[in-house]
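Comments concern the structure below.
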Amino acid sequence: MTLDDPLIEEAYRVLAERPGFLIRRLHQIHVAMFMEECAEFNITPVQYSVLTALMDRPDLDQVTLGAQIGIDRTTTAGVLARLAERGLIQRRASPVDKRMKLAAITAEGRKLLRRMDKKAQRAHDRTIAPLPKEDRAVFLRYLLHLVDASNGYGRAPLHLP
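Quick note, the sequence shown lines up with residues 1 to 161 if you use UniProt numbering.
As structure tokens, this is what we get:
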């Protein structure tokens with residue numbers, strides 16, 4: 001389907017010319033694919049991102065962790081609470097500042113992440129599968145460029161280590 005396809009209704013054509021609409025729709029599609037592929041694990045894409053971030057960076061505080069995956073403090077707190085309830089992460093007070101809680105992935109969390117990796121990757125692959133193989137890396141580079149160029153506009157800007 002292309003924008004000049006005569007079968008596209010005018011109302012949709014207007015929406016299809018809006019990058020935000022298309023990005024939001026692609027995100028919905030990807031979340032559905034992720035949930036389908038990873039249904040047996042009962043983990044959301046955001047929870048998966050948190051576990052992935054903690055895999056190689058233990059003892060991250062809530063603010064730093066949220067910044068590394070681009071989610072706000074409140075969302076991060078809720079995600080961490082749910083993961084802790086399942087024993088996938090553990091939280092402890094910072095030795096430097098007792099008010100600050102640090103999060104670390106548990107052995108159970110690492111095990112779950114390893115079990116999920118292939119299925120999560122399948123969801124990522126399915127999301128871009130309609131593109132010709134030679135265009136997939138270019139598409140990802142463009143997405144990264146757009147995110148990087150406008151990162152400061154988000155409610156929770158992404159700050160990579």
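Using N, Cα and C, we set each Cβ at its ideal position, and we do this for glycine too.
Close beta carbons around residue i, own chain, < 7 Å, minus the five adjacent residues each side
i	result
R122	E37
M116	C38, F41, I43, Y48
Span of the alpha helix (DSSP H) around residue i
i	result
E108	107-128
L22	19-37
F41	Here F41 belongs to no alpha helix (DSSP H), and DSSP marks it neither H nor E.
Y142	133-150
For residue i, the residue or residues it bridges with in DSSP
i	result
L60	A103
Cut-off 6 Å between Cβ atoms - residues of its own chain near residue i, not counting five sequence neighbours on either side
i	result
L102	D59, D61, R92, S94
V50	V79
Option in the options with minimal Cα separation from residue i
i	options	result
L88	M55, R99, A120	M55
R99	A84, L158, V63	V63
A81	V138, A104, L143	A104
N151	R73, Q68, A16	Q68
I71	A53, A84, A107	A53
residue 163	P132, E9, N42, A137	Any property of residue 163 remains undetermined from this structure, which presents the chain solely from 1 to 161.
A84	R73, D97, R13, T106	T106
Residues near residue i by beta carbon distance below 8 Å, same chain, minus five either side
i	result
T127	L26, I29, H30, M33
T75	V46, G66, A156
R19	Before going further, note that residue 19 is Pro rather than Arg in the sequence given. So the list is empty, once near-sequence residues are dropped.
G109	L51, L54, L83, G87, L88, I89
L112	F41, I43, L51, L88
Worksheet entry | Uninterrupted alpha helix (DSSP H) stretches inside the segment 70-103 (no shorter than 4 residues) | 73-85
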